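Worksheet: the structure to be examined is printed underneath.
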Amino acid sequence: MEPDRLAEWQALWRDSIGLRRADGRPVVASVAGRPALPPEVAWPRDESGSPKDYLMTLDLSALPRIGIDLPDSGVLLFFLDTEFAEPEVMYFEDTAGLQDRQCPEDLGFVPPGRIDLAAVVEPTRPAEDHPYLSGRPAGYYRGLAKMLATEIDHPEPPTCGDHRIGGHYAFSAQYDFPCAPTSEIPDLPGTPGPEALDLPILLVRMDFDPDAGMVWGDCGTSEWSISRDDLAARRFDRVEFSWSCH
């Protein structure tokens, strides 16, 4: 084994927050059910006037800190139209006036109840072709993940899982989704390309979750990302959305 090569790669591992069924643990997020909105805020609708599906709420004050410059308080609510063309993220800093909102009567399928989620902090690693690693020759880090599984006395960190906040996202059903795992750019090996400095931050990965009404085609995933500048300005209305499936 080449310890310098391994150490160089491991130095770029970053934590992410896995969102798993709470089962009595402290709740940091929820999917499905009804959102809590200010009384004066209308339910989001698409350009045709149809109501958007409510997907997820993140309680920012309850989330562990993993190096993403999220606000210390407030909530983020995620909505999406049925065509996956008009994503919408709402940020409410003051939660005192939020009230549970009945779903519009003209909304389609609504999952039967809210699913509470707890946080599990887990390490993630960059893919071998991640832009952070572009300063080294192609294939320079190839095989390290397999070596970890057989030669190192701890398991390889996960590269994907359930719903997730931040961290590296090394796999998608049809394509890689290179992203920045944290707000700060680390010291990168070699001389990486300029794209390594401009990566969006993975705000949320929403996984296949039929109990919450999330299937993303056929057992797919969706990614909600944001630029560093927009995150610093709290412009969650500029979040980008993509998805893929098998």
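Using this note's numbering, you'd call the opening residue of the sequence shown number 62 and step up by one each time.
Even for Gly, the Cβ is constructed at its ideal location relative to N, Cα and C.
All of these numbers come straight from a predicted model, not from anything done at the bench.
Next on the checklist: Per DSSP, what are the beta-bridge partners of Phe-363 in this structure?
Outcome noted: One cannot answer for residue 363 here, as it falls past the ends of the chain, which runs 62 to 307.
Next on the checklist: Does His-215 come out as helix, strand or coil in the three-state DSSP assignment?
Outcome noted: With a pLDDT of only 48 at His-215, under 50, the local geometry of the prediction cannot be trusted, and no value is derived from it.
Next on the checklist: Between the alpha carbons of Glu-154 and Pro-96, how many angstroms are there, rounded?
Outcome noted: Between Glu-154 and Pro-96, the C-alpha separation is close to 15 Å.
Item to check | Pairwise C-alpha distance: Leu-67 and Asp-272 | outcome: If you draw a straight line from the Cα of Asp-272 to the Cα of Leu-67, it comes to about 39 Å.
Next on the checklist: Assuming Pro-184 is part of the beta strand (DSSP E), what are its boundary residues?
Outcome noted: 176 to 185 is the extent of the beta strand (DSSP E) around Pro-184.
Checklist entry - Roughly how far, in whole angstroms, is the beta-carbon of Ile-78 from the beta-carbon of Pro-125, given that I think they are within contact range, below 8 Å? => result Contact between Ile-78 and Pro-125 is confirmed by a C-beta separation of about 6 Å, below the 8 Å threshold.
Checklist entry - If you follow the beta strand (DSSP E) that Glu-101 is part of, which residue opens it and which one closes it? => result Segment: none, Glu-101 is in no beta strand (DSSP E) and carries neither H nor E.
Next on the checklist: Which residue marks the beginning of the beta strand (DSSP E) containing Tyr-115, and which one marks its end?
Outcome noted: Per DSSP, the continuous beta strand (DSSP E) segment holding Tyr-115 begins and ends at 114 to 120.
Next on the checklist: Whole angstroms are fine: how far does the CA of Ser-122 sit from the CA of Ser-134?
Outcome noted: Approximately 4 Å, taken between the alpha carbons.
Next on the checklist: Quick test of your reading: Arg-81 and Ala-199, contact by CB under 8 Å. State the CB separation rounded to the nearest angstrom.
Outcome noted: The Cβ separation is near 36 Å, so there is no contact.
Item to check | Short Cβ contact (9 Å threshold) for His-224 with Asp-270 | outcome: Yes, these two residues count as a Cβ contact at 9 Å.
Checklist entry - What does a CB cutoff of less than 8 Å around Gly-222 pick up in its chain, not counting 5 residues either side in sequence? => result In this predicted model, Gly-222 has a pLDDT of only 42, less than 50, meaning its place in the structure is not dependable; the value taken from the coordinates is given anyway. Sequence-distant Cβ neighbours of Gly-222 in its own chain, meaning closer than 8 Å and more than five residues away, are Gly-79, Glu-183, Asp-268.
Next on the checklist: In this structure, how does DSSP classify Phe-145 when only helix, strand and coil are distinguished?
Outcome noted: Residue state, collapsed to three classes: coil.
Item to check | Rounded C-alpha distance that separates Trp-277 from Gly-94 | outcome: Inter-residue distance for Trp-277 and Gly-94 is about 18 Å (C-alpha atoms, whole angstroms).
Item to check | Alpha carbon of Arg-75 to alpha carbon of Phe-140, nearest angstrom | outcome: In a straight line, the C-alpha of Arg-75 is about 28 Å away from that of Phe-140.
Checklist entry - Out of curiosity, what's the CA-to-CA distance linking Ser-288 and Val-300? => result For Ser-288 and Val-300, the distance between alpha carbons rounds to 8 Å.
Next on the checklist: Mapping the DSSP letters down to three states, classify Gln-235 as helix, strand or coil.
Outcome noted: Reliability of the predicted coordinates at Gln-235 is poor, the pLDDT of 46 falling under 50, and the value obtained from them is presented with this limitation in mind. In this structure, Gln-235 counts as coil in the three-state DSSP scheme.
Checklist entry - Which first and last residues belong to the beta strand (DSSP E) in which Ile-262 is found? => result Segment 262 to 267, the beta strand (DSSP E) holding Ile-262.
Checklist entry - If you draw a straight line from the C-alpha of Tyr-115 to the C-alpha of Val-89, how long is it? => result For Tyr-115 and Val-89, the distance between alpha carbons rounds to 17 Å.
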